[in-house]
Structures are given as C-alpha cells and as structure tokens.
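Peer 1: Numbering (the numbering used here), first residue to last: 31 to 208. C-beta: ideal position from N, C-alpha, C; glycine also. All values reported here derive from a predicted model rather than from experimental measurement.
1. Which residues mark the beginning and the end of the alpha helix (DSSP H) in which residue 132 is found?
2. Tell me, please, whether the stretch 31 to 40 touches the stretch 56 to 64 by the rule of three or more beta-carbon pairs shorter than 8 Å.
3. Does the beta-carbon of residue 82 have 16 or more other beta-carbons within 10 angstroms, so that it is buried, or is it exposed?
4. So, using beta-carbon positions, are residue 114 and residue 131 closer together than 8 Å?
5. How long is the line joining the alpha carbons of residue 182 and residue 68, rounded to whole angstroms?
6. Can you name the start and end residues of the alpha helix (DSSP H) that residue 196 belongs to?
7. State buried or exposed for residue 187, treating a residue as buried only when at least 16 other CB atoms are found within 10 Å of its CB.
8. Would a C-beta distance cut-off of 8 Å place residue 57 and residue 123 closer than the cut-off?
9. Assign residue 64 to one of three DSSP states: helix, strand, or coil.
10. Around the Cβ of residue 88, are there at least 16 other Cβ atoms within 10 angstroms (buried) or fewer (exposed)?
11. Using DSSP bridges, identify the partner residues of residue 32.
12. Please classify residue 121 as buried or exposed, where buried requires at least 16 neighbouring CB atoms within 10 angstroms.
13. Please report how far the alpha carbon of residue 111 lies from the alpha carbon of residue 191, in whole angstroms.
14. Identify whether residue 42 lies in helix, strand or coil by the three-state DSSP scheme.
15. Using a Cβ-based criterion (distance less than 7 Å to any ligand heavy atom), does residue 119 qualify as near the ligand GTP?
16. Can you tell me where the alpha helix (DSSP H) with residue 174 in it begins and where it stops?
17. Which class does residue 89 belong to by DSSP, given the choice of helix, strand or coil?
Structure, rendered in structure tokens:
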C-alpha cells in the first residue's frame, strides 16, 4: 500500500494545482512511499463481502484528504464518491437510507441514477408499498425525456428560434430591395 505526500503551498494558484485530484502528481518530485502491505490469504464469505466498506473518509488521523468547499472544486469528487459508496452499501445490504441523505438526494439538482445498479433494482423490488425509502431509479418516461426530448430542446429549439427571429427582418430587407 503506497501513498504520495505533498505539502499544501500558500500561493493560491499553486494550491489549486496541488489540490486538484483529477491530475496525478509528478512521481519524481513526490515519490510513492510504502506504508504497508496488504495480504489476502482467503476468500470472504458472501456476508463478509457485503459488509465491506470502502470510503475515502475512512482513514488514519495522520493522513488527511483534500476537502472541498464548493461543488466546482475538483476535491468535491472525493465527497461525491464518499456519498455514493455509502448509498451503494446501504442498497447492497438492503438498509434504508438515512433521512438526511434522502432529503439531500431529493433536493439535489444533480440526480443520482442507480437504475443500472442490480443492487438498487433488487432493493426496489423488495420494498413494500408502505415504505418511505427513496428509490433511485428513473421511470421510463423520465429516461425517454432525458434521452430524446431534452437534447432536442437544447439543440433544435434554440436554432429554430434564432432562424425564426432572423427570417422576419431578412424577408423585410429582400422585400424592400425589390
């Protein structure tokens, strides 16, 4: 198991570059340091596998992660990954989502679509009708709108409206010219 270490610079531009988790650090300047060895000598049972947790925020106190203060910062990727991992673990273990996550998902402008996730589909079919758990799947008409209707509105409609607005004055100019 290896880690890279880099001090956070004081200069804002250098700081943003150093904290950008979407670009790798130079291995010659910030070499990997061996911090441990992971040995897997047996297979887990199904129950043990489903109880596994992977989350960027489950870490040693000595090692910090890059924190984001807004959604536009690249460090927000870790925050999103952390949330998605925990949501998937709850779905996999067929546990209801906490109320704070449900309200976050419902109020978020970025919708989480786990309709392709077999665990989400399995938990949606096992839910009873009185359950208040959030389903993270889209209906067929929402998916159709997202695939067909919305792209048409975003591409065809603006050009159509521009052509409509320009054609009137152009026709008037051609009429006056004749």
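Peer 2: The answer reads as follows:
1. Residue mapping note: residue 132 aligns to position 102 of the chain shown, counting from 1. Element bounds for residue 132: 129 to 137.
2. yes
3. Here residue 82 is taken as the residue at index 52 of the chain shown, counted from 1. Residue burial is scored here from C-beta neighbours: residue 82 has fewer than 16 other C-beta atoms within 10 angstroms and is therefore classed as exposed.
4. On the chain shown, residue 114 is found 84 positions in, with the first residue counted as 1. On the chain shown, residue 131 is found 101 positions in, with the first residue counted as 1. Not in contact: residue 114 and residue 131 (Cβ atoms no closer than 8 Å).
5. Counting from 1 along the chain shown, the entry for residue 182 is found at position 152. Counting from 1 along the chain shown, the entry for residue 68 is found at position 38. Their Cα atoms are separated by approximately 51 Å.
6. If you number the chain shown from 1, residue 196 lands on position 166. Here the alpha helix (DSSP H) through residue 196 covers 180 to 207.
7. Numbered from its first residue, the chain shown carries residue 187 at position 157. Per the 10 Å Cβ criterion, exposed.
8. Position 27 of the chain shown, counting from 1, holds the residue named residue 57. Position 93 of the chain shown, counting from 1, holds the residue named residue 123. No, Cβ-Cβ distance for residue 57 and residue 123 is not below 8 Å.
9. Translated into the one-based positions of the chain shown, residue 64 becomes position 34. It is a strand residue.
10. Translated into the one-based positions of the chain shown, residue 88 becomes position 58. So residue 88 counts as exposed.
11. To locate residue 32, count along the chain shown from 1; it is residue 2. 64.
12. On the chain shown, position 91 is the one that residue 121 refers to. Buried.
13. One-based indexing of the chain shown puts residue 111 at position 81. One-based indexing of the chain shown puts residue 191 at position 161. Between residue 111 and residue 191, the C-alpha separation is close to 40 Å.
14. Here residue 42 corresponds to residue number 12 of the chain shown, with the count starting at 1. Residue 42 falls in the helix class under three-state DSSP.
15. As presented, the structure is devoid of all ligands, the ligand GTP included, so that no description of it is given.
16. If you number the chain shown from 1, residue 174 lands on position 144. Looking at the DSSP string, the run of the alpha helix (DSSP H) that includes residue 174 is 170 to 174.
17. Walking along the chain shown from the start, residue 89 turns up at place 59. The answer is coil: DSSP assigns residue 89 none of H, G, I, E or B.
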